[in-house]
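Oh and the sequence shown: position 193 is 193 in UniProt numbering, straight run, nothing missing. Where is the CB? At the ideal position from N, CA and C, for every residue including glycine. Predicted model, so just to flag it, every value in this text is computed and none were measured. Worksheet for the structure shown next.
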Amino acid sequence: MQPSHRPEWLTFDCYGTLIQWDEGLLAYVDRLLSRKGWRGVDPHEFIRVYDEHEHRLEQTPPHRSFAEVSAHSLRAALEAFGLPFEASDADALTRHIAAMPPFPEVVPTLAWLKAQGFKLCIVSNTDDAIIAGNVAQLGGQIDRIVTAQQAGAYKPSPRLFEHAHDAIGVSRDRLLHICASPHLDLAAARDMGFRCVWIDRGTARKPLPDYRPDAVLPDLAGLRQLFATLGWVQP
1 MQPSHRPEWL TFDCYGTLIQ WDEGLLAYVD RLLSRKGWRG VDPHEFIRVY DEHEHRLEQT
61 PPHRSFAEVS AHSLRAALEA FGLPFEASDA DALTRHIAAM PPFPEVVPTL AWLKAQGFKL
121 CIVSNTDDAI IAGNVAQLGG QIDRIVTAQQ AGAYKPSPRL FEHAHDAIGV SRDRLLHICA
181 SPHLDLAAAR DMGFRCVWID RGTARKPLPD YRPDAVLPDL AGLRQLFATL GWVQP
C-alpha cells in the first residue's frame, strides 16, 4: 500500500471479515442435514448451491430483505438435494447468523483502532435485526452500521456504498474499506475507486483478476503494522 493521507473512517464488511461466516454457516448446515436425516450430502456442496441462489436473488428485482433472500435460497438448496423445507429452517438460519461470533483478533483490534482516533462503520448485505446480534459482540466499538435493508440494494451495487458514504458524511478519499469478499466488496472498490484492504483468511475465495487491493492481510491484527508503516499511527 502506497503512503497516502490517513482516513477519517474505516468501513468494514461484516460476515467473513469481522464475523465467522464460513465457520458458522457450515455448523448450521451440518446440523440441518443431520436433522433431516440425510448423510449423503456434502455440506460444502450444499453451501455452494445455497450461495448461488443467495447471490442471484440479491441482484434480482424486486429488492427483498435478507431474511427473505436466505429463506428462498435455503428452500431452493434443500429442494435441489431432494430434502423437505420447513419455515422453521429459515428462522433457525437467521437466528444462527445473528449469533455468529467475531474472529478472535477482531474485538481487540477494533478497540485499538478506536483508541487511535478512527471512526468505524460496518457496510453489510443484511437486515438491521439480524446484524444487531453480531454487533452486540463487538465491544461497543462500531460508530455506524449501514445495511442492504437501509439502502435497498446489495453489494456489489454502488448504491449500498454510496448510501454508506452519504450516511457517514465523507468523500471516498477520506475512508478505507476493509473486507474479505472479492466478488462483492473488491468489485465495488474496483468500480468506484475507493481504497480497500483485502483480508485473505485463507479461504477458497480468490482475488479479482483485474483488480489489486491497496493491501492484503491475513487478518485484522495486521492493520497495526500496516498503519504504522503508512505513518497513520505511532509504532
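{"Item": "Any idea if Gln149 is buried or exposed, counting beta-carbon neighbours within 10 angstroms, 16 or more meaning buried?", "Value": "buried"}
{"Item": "Tell me which residue opens and which closes the alpha helix (DSSP H) that Ile168 is part of.", "Value": "158-168"}
{"Item": "How long is the line joining the alpha carbons of Asp89 and Ala77, rounded to whole angstroms?", "Value": "12 Å"}
{"Item": "What distance in whole Å lies between the Cβ atoms of Val41 and Glu54, which are believed to be in contact at a cut-off of 8 Å?", "Value": "The pair is not a contact, with the Cβ atoms about 18 Å apart (cut-off 8 Å)."}
{"Item": "Taking DSSP's pairing of strands, which residues face residue 265 in a bridge?", "Value": "One cannot answer for residue 265 here, as it falls past the ends of the chain, which runs 1 to 235."}
{"Item": "Rounded to whole angstroms, what is the Cα-Cα separation between Trp112 and Leu18?", "Value": "15 Å"}
{"Item": "Between the C-alpha atoms of Asp13 and Ala187, what's the straight-line distance to the nearest angstrom?", "Value": "13 Å"}
{"Item": "Taking C-beta to C-beta, are Gln141 and Lys114 nearer than 8 Å?", "Value": "yes"}
{"Item": "Locate the beta strand (DSSP E) running through Leu93, then write down its first and last residues.", "Value": "Taken as a continuous stretch (DSSP letters only), Leu93 belongs to no beta strand (DSSP E), being part of the alpha helix (DSSP H) at 87-99."}
{"Item": "Which residues does DSSP pair with Lys119 in a beta bridge?", "Value": "Trp9"}
{"Item": "When you compare the segment 3-11 with the segment 21-41, are there three or more beta-carbon pairs, one atom per stretch, that lie closer than 8 Å?", "Value": "no"}
{"Item": "When DSSP labels each residue in this structure, what does Ser70 get in the three-state scheme?", "Value": "helix"}
{"Item": "By the DSSP assignment, the beta strand (DSSP E) with Ala215 in it spans what residues?", "Value": "215-217"}
{"Item": "Rounding to the nearest angstrom, what Cα-Cα distance links Val197 and Ser171 in this structure?", "Value": "17 Å"}
{"Item": "Nearest by alpha-carbon distance to Ala167: which of Ala87, Val123, Pro235, Arg201 is it?", "Value": "Val123"}
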